[in-house]
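Structure record follows, encoded as structure tokens.
Number of protein chains: 2
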Amino acid sequence: MTTIQDVARHAHVGAATVSRVLNGSGYVKDATREKVLKAIKELNYTPNEMARNLYHRKSGIVAIIVPEISHPFFAEFINAAEIALFSHGYQSMICNTWTEQNYEARYLEILKQQRVDGIITGSHTLDIKHYQSTDRPIVALDRDLGPGIPCVAVDHVEGGRIAAEELVRAGCKNVLQCTGTDTVSTPSNARHETFDKVMREHGITCHNYVQKQNMFDYSYYDKISDEITDKYPDVDGFFATDGLALSLIRSSMKKGRRYPKDFKVVAYDGTYISRLIYPSVTTIVQPINELAVQCVDLIMDLIQERVPEEENKKLKVTLRRGQSTEKF
Amino acid sequence: MTTIQDVARHAHVGAATVSRVLNGSGYVKDATREKVLKAIKELNYTPNEMARNLYHRKSGIVAIIVPEISHPFFAEFINAAEIALFSHGYQSMICNTWTEQNYEARYLEILKQQRVDGIITGSHTLDIKHYQSTDRPIVALDRDLGPGIPCVAVDHVEGGRIAAEELVRAGCKNVLQCTGTDTVSTPSNARHETFDKVMREHGITCHNYVQKQNMFDYSYYDKISDEITDKYPDVDGFFATDGLALSLIRSSMKKGRRYPKDFKVVAYDGTYISRLIYPSVTTIVQPINELAVQCVDLIMDLIQERVPEEENKKLKVTLRRGQSTEKF
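If you want it as structure tokens, here you go:
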């Protein structure tokens with residue numbers, strides 16, 4: 001049987017590099033990654049875990065529950081999680097809840113009946129107790145589901161602070177941030193409090209626009225962006241998640257405001273859509289790939305009845321500075 | 001047991017509307033859709049097919065094989081397919097091939113071992129014979145996999161014609177289109193021939209840039225966009241898929257060209273990313289939702305051993321005119 005060492009030798013790299021490629025952990029040069037994938041292909045290498053699974057007759061399936069597959073954040077998350085699961089010999093079953101509580105609950109019921117070895121959930125609609133009554137290993141993405149259910153998230157407080165300081169640096173005097181509903185307990189809410197605090201410390205006006213629903217719907221984004229730019233025509237700095245940030249830019253430009261001369265923007269998440277426009281958008285980047293790898297590592301620990309080193313993981317965000325925060 | 005009629009009565013709509021919502025076929029107003037989903041939730045309605053499946057002990061799982069989940073086209077396709085499958089009492093297992101032949105082949109092997117009731121494939125890397133040797137029902141998205149395997153696609157020839165005529169109408173004299181590799185037999189290649197033909201008929205210069213790989217990789221898009229805008233600095237009209245079209249716009253703007261004054265753009269696919277920039281991009285829109293619903297309908301026919309009304313489906317594209325083709 002081909003081993004990871006065989007692949008490493010064939011690709012002229014170290015075994016750790018092969019492992020990083022298999023785990024999709026992302027610190028590998030494109031050229032090296034290509035060499036490794038080529039070697040995997042040529043040797044028809046199958047990770048050991050896959051063989052082990054088949055032997056132990058587990059289903060080899062981990063369910064991933066998300067509100068909407070086509071939202072860029074979850075699309076990138078699923079993509080990375082699926083690659084990481086595959087390297088452990090697992091496949092993913094994707095469950096789409098459309099932010100409907102009913103579907104989340106029903107999926108949990110179905111997953112109880114199916115042979116699913118574990119659940120990674122990024123969905124936010126359902127009451128915690130539903131999850132706690134599930135007898136499968138569960139890992140939560142960016143959500144507190146209570147004791148015993150590990151949570152993987154970024155340091156959102158730091159994210160809010162960096163975003164605020166970037167708009168201060170750019171010379172903003174009158175900013176607006178869009179927040180999600182506060183009906184769900186997610187660490188991501190913490191960024192808005194910090195953002196607001198930093199602004200007050202600098203004597204800068206900060207409007208907080210609360211979205212009625214945590215919807216991932218581009219026509220909804222356009223609707224509230226038009227409302228916001230009508231109601232606050234003089235705002236000179238926006239802080240919002242990628243999709244909404246782009247929508248605020250479009251809405252402002254339609255009304256004749258010059259981007260990024262008349263107003264500054266910091267987007268949050270750093271999905272690929274934040275890279276699509278010119279001039280470029282300054283973005284607080286979540287390491288989506290790493291979030292997925294950590295979720296998969298934790299669910300593997302739980303499935304294989306290992307005690308995870310630490311239950312909750314808090315990853316770092318980074319600032320990707322673009323033209324949208326060039327100084328006034 | 002709650003029936004579809006109960007839901008219809010509760011939501012004050014017709015049963016056909018409930019069915020459209022369940023099938024995600026998309027001709028339902030947002031407000032109506034919300035009413036129906038609310039009724040489904042309140043009555044805890046479960047589609048009949050789901051009960052039937054549980055009774056017949058099918059796995060209730062359809063695998064969807066795509067090159068990359070996070071590509072907007074496939075993300076939207078999976079999203080819609082998953083909703084349509086759910087309404088039939090099915091779940092989806094998503095398989096991500098990263099355009100690596102090796103993974104596509106391995107997935108097919110795994111799917112043979114798993115209890116998967118059917119396969120919808122949008123992946124393009126593998127030799128046809130691998131699919132033909134699979135003993136599960138298969139439906140292909142946008143790919144000819146040979147006799148007996150239904151194919152769902154749009155009318156790409158018409159798409160190429162509409163795109164070309166739009167750039168002619170806008171006054172272009174020197175255009176460039178980006179084509180995928182021609183190593184895979186997919187109906188989508190047909191649009192480029194037609195585009196080129198229309199241009200020649202109008203005496204317009206048409207450069208054809210052939211992508212080396214059908215990669216869905218934004219840094220690759222940026223790389224080839226920079227090459228293209230270096231090599232063809234005077235092109236006044238671009239035709240490319242959504243992501244590449246946006247990349248060509250960014251690259252041209254970076255070099256000081258004014259969008260959309262100095263050059264026109266027609267994007268192809270109509271995923272949500274084609275709506276993200278201002279001024280807006282003219283786009284040939286594939287009905288992605290409908291493509292997914294048709295794939296699911298066909299796979300349901302095959303799974304339930306019904307003869308499909310027609311094996312191959314060819315859906316219409318539409319032109320969404322934006323500011324990127326305003327006349328010179």
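Just so you know, the protein sequences line up as chains A and B, in that order.
Residue numbers 1 to 328, in my numbering, belong to the letters of the first sequence in order.
Residue numbers 1 to 328, in my numbering, belong to the letters of the second sequence in order.
Glycine is no exception: its CB is placed at the ideal position from the N, C-alpha and C atoms.
In this text, all values refer to a predicted model and were calculated from it rather than measured experimentally.
DSSP state of Val168/B mapped onto helix, strand, coil: Looking up residue 168/B in the second sequence gives position 168. DSSP places Val168/B in helix when its eight states are reduced to three.
Is the CB of Met329/B under 8 Å away from at least one CB in chain A? Here chain B covers residues 1 to 328 and nothing more, so residue 329/B does not appear.
At the 8 Å Cβ level, is Tyr218/A part of the contact set with chain B, yes or no? In the first sequence, the residue the question calls residue 218/A occupies position 218. So, interface residue.
Between the beta-carbon of Tyr90/A and the beta-carbon of Gly60/A, is there less than 8 Å? Here the question's residue 90/A lines up with position 90 in the first sequence. Here the question's residue 60/A lines up with position 60 in the first sequence. Yes; because the gap between Cβ atoms is below 8 Å, this pair is in contact.
C-beta neighbour in chain B for Ile249/A, strict 8 Å: Numbered from its first residue, the first sequence carries residue 249/A at position 249. Cβ-Cβ to chain B under 8 Å: yes for Ile249/A.
Are there 16 or more other CB atoms within 10 angstroms of the CB of Gln132/B, so buried, or fewer, so exposed? The residue labelled residue 132/B in the question sits at position 132 within the second sequence. That one is exposed.
Check: Thr271/A C-beta below 7 Å from any heavy atom of the ligand NAP: No copy of the ligand NAP appears in this structure; indeed no ligand is present at all.
When Ala164/B, Phe328/B and Ile249/B are compared against Ser280/A, the one with the closest alpha-carbon: Along the first sequence, read from residue 1 onward, the residue named residue 280/A stands at position 280. Checking every option, the nearest Cα to that of Ser280/A belongs to Ile249/B.
Could you tell me the boundaries of the beta strand (DSSP E) in which Phe239/A lies? The residue given as residue 239/A occupies position 239 in the first sequence. Gly237 to Thr241 is the extent of the beta strand (DSSP E) around Phe239/A.
Is the beta carbon of Ile284/A closer than 8 Å to that of Glu76/A? On the first sequence, residue 76/A is found 76 positions in, with the first residue counted as 1. On the first sequence, residue 284/A is found 284 positions in, with the first residue counted as 1. The answer is no: Cβ separation not under 8 Å.
Pick from Ala39/B, Ser219/B and Glu290/B that is closest to Tyr272/A, judged by C-alpha positions: One-based indexing of the first sequence puts residue 272/A at position 272. It is Ser219/B whose Cα lies nearest to the Cα of Tyr272/A.
Tell me where the beta strand (DSSP E) around Thr330/B begins and ends. Look at the range of chain B in this structure, 1 to 328, and you will see that residue 330/B is not part of it.
In whole angstroms, give me the CA-to-CA distance for Thr181/B and Asp269/B. Against the second sequence, residue 181/B aligns to sequence position 181. Against the second sequence, residue 269/B aligns to sequence position 269. Taking the straight line from one Cα to the other gives about 17 Å.
Determine the direct distance from the alpha carbon of Ala39/B to that of His10/B, and round the result to whole angstroms. Sequence index remark: in the second sequence, residue 10/B carries index 10 (1-based). Sequence index remark: in the second sequence, residue 39/B carries index 39 (1-based). If you take the alpha carbons of His10/B and Ala39/B, they lie about 6 Å apart.
In chain order, what residues of the segment 5–39 of chain B put their CB closer than 9 Å to some CB of chain A? Asp30 and Leu37
If we define contact as Cβ-Cβ less than 8 Å, is Cys95/A a contact residue for chain B? Position 95 of the first sequence holds residue 95/A. Cβ-Cβ to chain B under 8 Å: yes for Cys95/A.
What does Asn79/B touch in chain A if you count any residue whose Cβ is under 7 Å from its own? Counted from its first residue, the second sequence places residue 79/B at position 79. Within chain A, the residues near Asn79/B are Glu68, Ile69, Ser70 and Asn96.
Just reading off the alpha helix (DSSP H) that Asn96/A is part of, what are its end residues? Indexing the first sequence from 1 puts residue 96/A at position 96. Per DSSP, Asn96/A belongs to no alpha helix (DSSP H); it is in the beta strand (DSSP E), Gln91 to Asn96.
With burial defined as no fewer than 16 other Cβ atoms inside 10 Å of the residue's Cβ, what is the status of Val154/B: buried or exposed? Locating residue 154/B in the second sequence gives position 154, counting from the first residue. Under this definition Val154/B is a buried residue.
How about Val293/B and Ala164/B: do their beta carbons lie closer than 8 Å? For the purposes of this step, residue 293/B is taken as residue 293 along the second sequence, with counting starting at 1. For the purposes of this step, residue 164/B is taken as residue 164 along the second sequence, with counting starting at 1. The answer is no: Cβ separation not under 8 Å.
Span of the alpha helix (DSSP H), counted from its first residue to its last, around Thr229/B: Residue 229/B sits at position 229 when you count from the first residue of the second sequence. Element bounds for Thr229/B: Tyr218 to Lys231.
Identify the contact partners of Arg257/B in chain E, using a Cβ-Cβ distance below 7 Å as the criterion. Here the protein chains are A and B, and chain E is not one of them.
Interface residues of the segment 271–293 of chain B facing chain A [CB-CB below 7 Å]: Tyr272, Ile273, Arg275, Leu276, Ile277 and Tyr278
Hey, how far is the Cα of Ser252/A from the Cα of Thr179/A? Numbered from its first residue, the first sequence carries residue 252/A at position 252. Numbered from its first residue, the first sequence carries residue 179/A at position 179. Approximately 19 Å, taken between the alpha carbons.
Which bits of chain B does Ile228/A rub up against, with CB to CB less than 8 Å? The sequence position of residue 228/A within the first sequence is 228, counting from 1. Here the premise fails: no neighbours, minimum Cβ distance about 16 Å.
Between Met50/B and Phe86/B, what straight-line distance do the alpha-carbon atoms span, to the nearest angstrom? By one-based count along the second sequence, residue 50/B stands at place 50. By one-based count along the second sequence, residue 86/B stands at place 86. Because the pLDDT at Met50/B is just 48, under 50, the model does not fix this residue reliably, and the value given afterwards should be weighed accordingly. Going by the C-alpha atoms only, they are around 8 Å apart.
Going by Cα to Cα distance, which pick from Val152/A, Asp135/A and Thr134/A is closest to Leu141/A? Translated into the one-based positions of the first sequence, residue 141/A becomes position 141. Closest option to Leu141/A, Cα to Cα, is Val152/A.
Neighbourhood of Gly14/A by C-beta distance below 8 Å, restricted to the same chain and skipping five residues each side: What you label residue 14/A is simply residue 14 of the first sequence in a count that begins at 1. Ala8.
Under 6 Å Cβ to Cβ from Ser225/B, same chain only, skipping five residues before and after it: list those, please. Counted from its first residue, the second sequence places residue 225/B at position 225. For Ser225/B, where only same-chain residues beyond five positions count, the Cβ hits under 6 Å are Ser247, Leu248 and Ser251.
Three-pair Cβ contact test at 8 Å for the segment 259–266 of chain B versus the segment 225–238 of chain A: no
Residues that Ala267/B contacts on chain A, provided the C-beta gap is smaller than 7 Å: For this step, residue 267/B is matched to residue 267 along the second sequence. Neighbours of Ala267/B on chain A: none; closest Cβ ~12 Å, over 7 Å.
Proximal chain B residues relative to Ser92/A, where beta-carbon distance stays under 8 Å: Numbered from its first residue, the first sequence carries residue 92/A at position 92. What Ser92/A touches in chain B: Met93 and Ile94.
Quick one: is Glu166/A buried, meaning 16 or more other Cβ sit within 10 Å of its Cβ, or exposed? In the first sequence, counting from the first residue as 1, residue 166/A sits at position 166. Per the 10 Å Cβ criterion, buried.
Determine, using beta carbons only, whether Leu246/A comes closer than 8 Å to chain B. As a first step, residue 246/A must be located in the first sequence, where it is residue number 246. Yes - at least one Cβ of chain B is within 8 Å of the one on Leu246/A.
With DSSP collapsed to three states, give me the class of His207/B. Position 207 of the second sequence, counting from 1, holds the residue named residue 207/B. Note: His207/B maps to strand in three-state DSSP.
Among residues of its own chain, excluding the 5 on either side of Asn312/B, which ones have a beta-carbon nearer than 7 Å to its beta-carbon? Locating residue 312/B in the second sequence gives position 312, where the first residue counts as 1. Contacts found: Pro150 and Cys151.
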